[in-house]
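Sequential numbering of the first sequence, starting at 45, is according to this note's numbering. Don't be surprised by glycine CBs; every beta carbon is placed ideally from N, CA and C. In this text, all values refer to a predicted model and were calculated from it rather than measured experimentally. Here's the structure we're looking at; comments come further down.
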Amino acid sequence: MSISKTYLPKETEDKWYSYWLKHNFFKSVPDEREPYTIVIPPPNVTGVLHMGHMLNNTIQDVLVRRARMKGKNACWVPGTDHASIATEAKVVAMLKERGISKKDLTRPEFLTYAWEWKEKYGGIILDQLKKLGASCDWDRTKFTMDEELSEAVIDTFIHLYKKGLIYRGVRMVNWDPQGKTAVSDEEVIRKEINQKLYYINYEVVSSEFLVLSEKETQNSKLKTQSYLTIATTRPETIMADAAICINPNDERYVHLHGKRVFIPLINREIPVILDEYVTMDFGTGCLKVTPAHDLNDYELGQKHNLPVIDILNDDGTLNEKAQILVGEDRFIARKKIAVLLEEAGALAKVEDYKSQIGFSERTDAVIEPKLSMQWFCKMGEMAKPALEYVLDGEVKLIPEKFINTYRHWMENVRDWNISRQLWWGQQIPAWYLPNGEFVIAKNIEEALKEAQLKTQNSQLTTADLTRDPDVVDTWFSSWLWPISVFDGFKDPNNADINYYYPTNDLVTAPEILFFWVARMIMAGHEFRGAAPFKNVYLTGIVRDKLGRKMSKSLGNSPDPLELIEQYGADGVRVGMLLCSPAGNDLMFDVSYCEQGRNFANKIWNAFKLIKGWEVDSSLANPNEIAIEWFGSRFNQALGEIEDNFTQYRLSEALMATYKLVWDDYCAWYLEMIKPAYQQPIDAVTYNATVAYFENILKILHPFMPFLTEELWHDELFGERDTLDCCIVAQLPNIGEINTQLLTEVEVVKVILTQIRNIRQTKQISPKDALELSYKSNSGINYQQYQAIIAKLGNISTFTAVNDKVLGAVNFLALTDEFFIPLNENIDPVAECARLNKEKDYLLGFLKSVNAKLGNERFMANAKPEVIEIELRKKADAEAKLQIIEQNLVDLAC
RNA sequence: GGGAGUUUAGCUCAGCUGGUUCAGAGCAUCUGCCUUACAAGCAGAGGGUCACUGGUUCGAACCCAGUAACUCCCA
45 MSISKTYLPK
55 ETEDKWYSYW
65 LKHNFFKSVP
75 DEREPYTIVI
85 PPPNVTGVLH
95 MGHMLNNTIQ
105 DVLVRRARMK
115 GKNACWVPGT
125 DHASIATEAK
135 VVAMLKERGI
145 SKKDLTRPEF
155 LTYAWEWKEK
165 YGGIILDQLK
175 KLGASCDWDR
185 TKFTMDEELS
195 EAVIDTFIHL
205 YKKGLIYRGV
215 RMVNWDPQGK
225 TAVSDEEVIR
235 KEINQKLYYI
245 NYEVVSSEFL
255 VLSEKETQNS
265 KLKTQSYLTI
275 ATTRPETIMA
285 DAAICINPND
295 ERYVHLHGKR
305 VFIPLINREI
315 PVILDEYVTM
325 DFGTGCLKVT
335 PAHDLNDYEL
345 GQKHNLPVID
355 ILNDDGTLNE
365 KAQILVGEDR
375 FIARKKIAVL
385 LEEAGALAKV
395 EDYKSQIGFS
405 ERTDAVIEPK
415 LSMQWFCKMG
425 EMAKPALEYV
435 LDGEVKLIPE
445 KFINTYRHWM
455 ENVRDWNISR
465 QLWWGQQIPA
475 WYLPNGEFVI
485 AKNIEEALKE
495 AQLKTQNSQL
505 TTADLTRDPD
515 VVDTWFSSWL
525 WPISVFDGFK
535 DPNNADINYY
545 YPTNDLVTAP
555 EILFFWVARM
565 IMAGHEFRGA
575 APFKNVYLTG
585 IVRDKLGRKM
595 SKSLGNSPDP
605 LELIEQYGAD
615 GVRVGMLLCS
625 PAGNDLMFDV
635 SYCEQGRNFA
645 NKIWNAFKLI
655 KGWEVDSSLA
665 NPNEIAIEWF
675 GSRFNQALGE
685 IEDNFTQYRL
695 SEALMATYKL
705 VWDDYCAWYL
715 EMIKPAYQQP
725 IDAVTYNATV
735 AYFENILKIL
745 HPFMPFLTEE
755 LWHDELFGER
765 DTLDCCIVAQ
775 LPNIGEINTQ
785 LLTEVEVVKV
795 ILTQIRNIRQ
805 TKQISPKDAL
815 ELSYKSNSGI
825 NYQQYQAIIA
835 KLGNISTFTA
845 VNDKVLGAVN
855 FLALTDEFFI
865 PLNENIDPVA
875 ECARLNKEKD
885 YLLGFLKSVN
895 AKLGNERFMA
905 NAKPEVIEIE
915 LRKKADAEAK
925 LQIIEQNLVD
935 LAC
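Structure, rendered in structure tokens:
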């Protein structure tokens, strides 16, 4: 039979994925085994698979597959997130294309369209993940708006409200005056804009000005001025001013402490307040405080109990509270007010000024900070235990550097605005009464009961109640995810939640450490009394090789499915992991996938080689050493890989595996034992080699599931039962390691490299056999490696000598000398130069070692093992030096 | 403005408690090979003032201080 020259992923991937599905290998039900659980960070229903998902899910799949192969009951729960803002935008856009405006629809009508959209597109990512090989338990697929999950959201809201953790309050939102809606911070695009900075004079209220003390009068240059000057980019908001703020440390303005000033044009009196918040060297050092129209001013206003005067309508025009320019658009008002100020003599000057302005992603309108009534969830109380989990190490963040960021955030946590002015999502369970009061209840019937109780009015009917139109933030459902996917709210003692919760690992991006991870920990503590996971592996952002974030608009992101098409799922998985240190961004380049594909091909070809051998059981085994060596090397690597996994160093675990397979197994072991062309192999070697290969498939499987499953079922490994699959094979245990053998083979490798180097430099064909003799000073018994050296170095005779072979090319391995006589004479000048160079290096080395050993403080302070090491270095260097010096003498240099 | 992080070979990164292996790996590069598993390969080689400046120490890529550049988070 003929085997293809390269590995062909397309012929295996779909086949084995459906085989795994068919035989329920991804399925998990609670049993007596130790569970290993991951809940997927649910991708948005609006999304398509991007490189970030590829990375994130490759990592999860590697972890899950490895756990499965360690005998654990592995459960990876998949699902999607309803992403209220993004999805609603998509649905609105879809409706617009059909000529339907959201305004013309009732809420239920709109939701029908939204569900229709979700059913059609919501599962795309999950289907794409299957191409990657994701071994999720698909029967457990959840959606954040599934009935039980939504019910959990509502119940949670009510629970927290009753506990006093949810309240209504005023908050500054990003208002889009064109779309007449609040938008989230993520939907605001900041741009640097050329603007004007207007310097405006405010007259100081004169009666108070007169009581200036003489000292103050002398202190200030402004002493005789009856006004102060502020600088602002928004002169149209002066009518909403509530105060002027100066820094108490600002010596220029000491005379203003406790004074009041008039707002120009409208002559309303406002106080001068003191706060260190004001930057003295920006503008004039006098800040106009406009609580209704600036977030920082709002907070300042809260602190100083200032009134909030909102002079803008929802569409961005001035309202009657502005007193002047009522009805004008904010930008027209800005121009007109500049003229008015000028005419009134209140405009000191105008300067050009650059600053960041927010624009609405949807309408491109300039965002207006606007105060509005929102629902909030108190965070302070919940943040405390959530911080403790991480500080105690009960929840480990990987890498640890994120603990600092996490702590900083949790110690300065702000209340969470959980309402969104949207329809798609869980509607807030609040009903308003005619008198403006509200009740919180699970449904309208209960709301009515509550309302009647509250008002003592049994005449109230459901018609008197109006439900809050807003929905809760999407994170308010995803923070429950690790509990709600196991139905842990409605049925808090069910078998699943008791078995799978807390989950083991969470793999996600650092940018949602606060939005999501921290809040899940809070919810876990609040509702289960336990953190939702033990380890949080934070991946980096996938960037292109220029370091730019991959994005649709830049067009710098490869299509993951095309990558899989081109390099195979295994190749792409390897490619992703090769460039993904935990927590650091990764500079992705397709060349990594190419490396992955090449690796798959290398494994395929090793298989082809072994597959082609014919066994002759009458032959003796000439490869005892090689077999024992690889066994030791394999066990050693197994330990390194395990260690890397324990520390979540996945790319290093992969690299250790890569080198074990490519270098140790293929380049060294197989070359050592490979029979001559068309010659049969002995049974012992053959069986050992096949067994090693099978073990290699196991350790490769989490990284390269398709290729390994394909090879696993080859007849090379004998008959397999239907359920005897690589995916559920148990990883080998670490066996004996013969360290002496490992060290000696490393020396053998050095010898072979030296021989090859000599061939290369002397232009000797690998086909021409060479004679090698050696003088052993180290005590290594080279005779047992004779066969290997002879085979890999093409050495015809290998003899031990007591005296140096004069006139031969020579080299050192450790302190042992090797000689290869050549027909040509060696160039004494070049040889002397080489030896002298070596000698100089050794002398320098020895000098530094001796300096340490001769240093009293070193001898007194260094640990005994360190001194031991230095002594050995000295002895080695001296032994080598002696040999080199003898060579120099012999050559009469 | 506040906080955090990064800086080691052309690229992406390791380097754990300061001490053979401390200057490493993979890729890329260069040289020679179509040697019957693999040219998506084999063999060999070159490549670095560990960002900079000081300090601590017998000893610093590693600890401390400062400087610079870049990145992220919060505002």
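Whole angstroms are fine: how far does the CA of residue j sit from the CA of residue i?
| i | j | result |
| --- | --- | --- |
| P776 | E195 | 45 Å |
| E922 | L890 | 8 Å |
| V634 | W525 | 34 Å |
| I833 | L694 | 35 Å |
| T733 | P74 | 38 Å |
| M594 | M95 | 8 Å |
| G213 | P746 | 50 Å |
| A392 | E386 | 8 Å |
| P221 | I411 | 7 Å |
| Y397 | Y242 | 10 Å |
| Q926 | F862 | 15 Å |
| F187 | P473 | 20 Å |
| N263 | E295 | With a pLDDT of 45 at N263, under the threshold of 50, the modelled position of this residue cannot be trusted, and the question is left open. |
| K265 | T334 | Only weak support exists for where K265 lies, its pLDDT of 40 falling under 50; the value from the coordinates is given anyway. Spanning the two alpha carbons is a distance of roughly 27 Å. |
| F558 | W159 | 29 Å |
| I795 | D860 | 10 Å |
| T273 | Q346 | 24 Å |
Please state whether the Cβ-Cβ distance between residue i and residue j is less than 9 Å.
| i | j | result |
| --- | --- | --- |
| R142 | F420 | no |
| T355 | N349 | Checking the sequence, you will find Ile at residue 355 rather than Thr. Cβ distance not < 9 Å, so I355 and N349 don't count as in contact. |
| W460 | M423 | yes |
| N649 | V439 | no |
| V616 | L93 | no |
| I368 | L309 | yes |
| Y736 | F678 | yes |
| D517 | W475 | no |
| I743 | L663 | no |
Run the CB neighbour count on residue i, radius 10 Å, all protein chains shown included, and call it buried at 16 or more, exposed below.
| i | result |
| --- | --- |
| E258 | Residue placement at E258 is flagged as unreliable, the pLDDT there being 43, under the threshold of 50; a coordinate-derived value is accordingly withheld. |
| P576 | buried |
| P53 | buried |
| V933 | exposed |
| Q172 | buried |
| M19 | Residue 19 cannot be examined here, being either before or after the span of the chain that is shown, 45 to 937. |
| I233 | exposed |
Can you tell me which of the options puts its alpha carbon nearest to the alpha carbon of residue i?
| i | options | result |
| --- | --- | --- |
| C770 | P122, I781, I795 and E738 | E738 |
| F403 | E455, W219, L209 and V586 | W219 |
| A409 | Y211, G223 and F559 | G223 |
| Y702 | R451, L431 and A644 | A644 |
| K864 | I368, L858, H745 and G851 | Inspection of the sequence shows that residue 864 is occupied by Ile rather than by Lys. Comparing Cα-Cα distances from I864 to each of I368, L858, H745 and G851, the minimum goes to G851. |
| N880 | P719, A936, I778 and P604 | A936 |
| W657 | C637, R184, E444 and I717 | I717 |
| G619 | E609, N628 and F632 | F632 |
| E715 | I654, W182 and R693 | I654 |
| A697 | L836, V106, D517 and L755 | V106 |
| V670 | E489, I743, T729 and K365 | Reading the sequence as shown, one finds Ala at residue 670 and not Val. Checked all of E489, I743, T729 and K365; the closest Cα to A670 is T729. |
| K819 | H126, G371, N679 and V845 | V845 |
| L582 | F678, E372, I233 and P443 | P443 |
| R312 | A366, L339 and N357 | A366 |
| I168 | P86, S416, L886 and P719 | P86 |
| I237 | T277, V248, V227 and A226 | T277 |
| C330 | S521, P315, D614 and P79 | P315 |
| K114 | E686, M426 and I84 | E686 |
Between residue i and the rest of its own chain, which residues show a CB-CB distance below 7 Å, the 5 nearest in sequence each way excluded?
| i | result |
| --- | --- |
| K917 | V893 |
| V586 | M95, G96, L99, M594, L630 and F632 |
| N628 | G584 |
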